[in-house]
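Position 62, counted from 1, in the sequence shown is what UniProt numbering calls 62; the numbers after and before it change by one each time, with no gaps. Structure record follows, encoded as structure tokens.
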Amino acid sequence: MTPITKIPLKIEADAELEALKDSAATQRALDYYLKPSVTQRCNEQKVFNVSDDVGYEEALLHASELMRFALTYAQGGAASVQGPHLDLIRGMAHFVEMAKDLVDKTIDKQKAPAR
Numbered sequence: 001m002t003p004i005t006k007i008p009l010k011i012e013a014d015a016e017l018e019a020l021k022d023s024a025a026t027q028r029a030l031d032y033y034l035k036p037s038v039t040q041r042c043n044e045q046k047v048f049n050v051s052d053d054v055g056y057e058e059a060l061l062h063a064s065e066l067m068r069f070a071l072t073y074a075q076g077g078a079a080s081v082q083g084p085h086l087d088l089i090r091g092m093a094h095f096v097e098m099a100k101d102l103v104d105k106t107i108d109k110q111k112a113p114a115r
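See below:
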């Protein structure tokens with residue numbers, strides 16, 4: 001058998017790419033696309049805050065109710081829409097229904113007695 005030898009990879013750096021690596025324009029582009037905007041964080045205000053006192057089961061029950069309402073709204077909205085928008089609403093309703101089923105299953109498992 002022939003022994004396996006490791007052959008070092010030789011990567012030749014492109015001079016143009018190396019020059020751009022530390023340029024101010026490159027840094028600005030990276031900051032723009034990868035860092036959240038400072039004004040975006042300051043202007044973001046939540047209308048709904050979850051209290052630290054909310055228990056696990058209570059939070060799941062409330063989430064299930066919210067998803068039930070969202071599903072009802074989606075189904076009601078789908079009745080008056082046609083074409084590609086109808087597919088979007090039905091898709092959204094399907095995702096909400098799946099999330100509600102997962103939450104409901106979790107609630108049921110919490111309520112079930114341990115075997």
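For every residue, glycine included, the Cβ atom is placed at its ideal position computed from N, Cα and C.
Distance, Cα to Cα, Gln110 vs Arg90? Counted from its first residue, the sequence shown places residue 110 at position 110. Counted from its first residue, the sequence shown places residue 90 at position 90. Distance between the alpha carbons of Gln110 and Arg90 is about 30 Å.
Which class does Val110 belong to by DSSP, given the choice of helix, strand or coil? Indexing the sequence shown from 1 puts residue 110 at position 110. At residue 110 the sequence reads Gln, which differs from the Val that was named. Gln110 falls in the helix class under three-state DSSP.
Minimum C-alpha distance to Phe48 - residue among Leu34, Ala63 and Tyr56: Taking the first residue of the sequence shown as 1, we reach residue 48 at position 48. When each option's Cα is compared against that of Phe48, the closest is Ala63.
Runs of alpha helix (DSSP H) lying entirely within the region 50-79, each at least 4 residues, in chain order: 56-78
Examine the Cβ distances between the region 84-103 and the region 60-74 and report whether three or more of them are shorter than 8 Å. yes
Under three-state DSSP, which class holds Val96? If you number the sequence shown from 1, residue 96 lands on position 96. Looking at Val96 - three-state DSSP - the assignment turns out to be helix.
Cβ of Leu93 within 7 Å of Cβ of Ala74? In the sequence shown, residue 93 corresponds to position 93, counting from 1. In the sequence shown, residue 74 corresponds to position 74, counting from 1. The residue asked about is misnamed: residue 93 is Ala in this sequence, not Leu. Cβ distance < 7 Å, so Ala93 and Ala74 count as in contact.
May I have the straight-line CA-CA distance separating Glu18 from Gln45, to the nearest angstrom? Position 18 of the sequence shown, counted from the start, is the residue given in the question as residue 18. Position 45 of the sequence shown, counted from the start, is the residue given in the question as residue 45. Using only the alpha carbons, I get a separation of about 42 Å.
Using a Cβ-Cβ cut-off of 8 Å (strictly less than) and excluding sequence neighbours within five positions of Ala59, which residues of its own chain qualify? As a first step, residue 59 is located in the sequence shown; it is residue number 59 there, counting from the start. Val50, listed in sequence order.
Quick one: residues in its chain with C-beta nearer than 7 Å to the C-beta of Glu97, no 5 flanking neighbours on either side, listed in chain order? Against the sequence shown, residue 97 aligns to sequence position 97. These residues qualify, in order along the chain: Leu71.
Where does Lys105 fall in DSSP's three states? Locating residue 105 in the sequence shown gives position 105, where the first residue counts as 1. If DSSP states are grouped into helix, strand and coil, Lys105 belongs with the helices.
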